[in-house]
Each structure stands twice: as structure tokens, then as C-alpha cells.
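Note that the working numbering gives residue 118 to position 96 of the sequence shown, counting from 1, and the numbers run on in steps of one. Everything on this sheet refers to the single structure shown next.
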Amino acid sequence: HSAETDVNATWEVFLAQINKYSSLGNTVESVLKVIGEEQIVDFARRMVMENGREVFNFGKHKGKLVEDVLRNEPSYYDWMMKNDFALHTKQKLTEIFNRTMLKTKNQS
């Protein structure tokens, strides 16, 4: 079978669950809040939210604040952008990078 078949089946199960359990809400975010799973930042889960802040969820910086890593090792941003990470991961990383650099510039 194909990945498309898997995605469609997963979507149908998700819709059935939110219809059956209306208290879950009707978005992925609302379901994640109910089931208590860590908040995701990017779909590939390379970054997650801990205590309201983004942290890396893989590699040598796992568990470290993304903002701290980007501020102290900006080459890590370049490495991630040049390598085979999902587009959504790169978009979210760029948002955090821009926010971090703006904050750093304003503190100077």
C-alpha cells in the first residue's frame, strides 16, 4: 500500500475520535493538550516545548533551549538549514532564529 493510504486512514481515525470525544476539541493542538503529550514545535518533532520554551529534541543539543544554542553557536542554524531537515522544521527554526537575533540586537 502507499503512504497516501496510510495518511488517509490516519486522518479518518483522527476525525472519528474527535467526533466521538468532543471534549478533545477539533485541532491537533487541543487533542495534545488533553492527552498531556509534549507540545510540538515542528511536525518532525526536532523541537518541542518545555515550560513554554522551545528545546531541541535530538542530537548533541537535545534538551537545550533552542534560543541558547542559536545565540551561542549560530553555525548550528546554518548546519540545520544546509542538511536534510523537513521544510517545516527549517521554517520554525528560522522563526526562532530571527526572534533570538532580534532580541540579542535589542539588548546590545
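Ideal Cβ placement from N, Cα and C applies to all residues, glycine included. All values derive from a computational prediction rather than experimental measurement.
First and last residue of the uninterrupted alpha helix (DSSP H) at residue i
| i | result |
| --- | --- |
| PHE78 | From DSSP, PHE78 is part of no alpha helix (DSSP H) but of the beta strand (DSSP E) over 75-78. |
| GLU117 | 109-129 |
| GLN39 | 25-42 |
| LEU92 | 88-94 |
| SER45 | Element bounds for SER45: n/a, residue is neither H nor E. |
| ASP100 | 97-104 |
For residue j and residue i, the rounded distance between their alpha carbons
| i | j | result |
| --- | --- | --- |
| LEU87 | PRO96 | 13 Å |
| LYS84 | GLU76 | 11 Å |
| SER52 | ASP90 | 28 Å |
| LEU124 | MET71 | 21 Å |
| ARG121 | LEU54 | 25 Å |
| THR32 | GLN61 | 20 Å |
Range of the contiguous beta strand (DSSP E) that encloses residue i
| i | result |
| --- | --- |
| VAL6 | Any question about residue 6 goes unanswered here, given that the chain covers just 23 to 130. |
Given residue i as reference, the closest of the options once Cα atoms are compared
| i | options | result |
| --- | --- | --- |
| ARG67 | MET123, LYS125, SER24, LEU115 | LEU115 |
| PHE65 | ARG121, ASN128, ILE118, HIS110 | HIS110 |
| MET102 | GLN129, ASN73, MET69, VAL35 | MET69 |
| THR126 | LYS112, ALA108, ASN94, ASP28 | ASN94 |
| GLU117 | ASN128, VAL63, LYS104 | VAL63 |
Beta-carbon contacts of residue i that lie in its chain and below 8 Å, excluding the five residues immediately before and after
| i | result |
| --- | --- |
| TYR98 | HIS83, VAL91, LEU92 |
Integer Cβ distance of residue i from residue j, believed to fall under 8 Å
| i | j | result |
| --- | --- | --- |
| SER141 | VAL56 | Absent from the structure is residue 141, since the part of the chain shown begins at 23 and ends at 130. |
| ASN48 | ILE40 | 5 Å |
Spatial neighbours of residue i in its chain, beta-carbon cut-off 6 Å, leaving aside the 5 residues before and after
| i | result |
| --- | --- |
| PHE182 | For the chain, the structure presents residues 23 to 130; residue 182 sits outside this window and is missing. |
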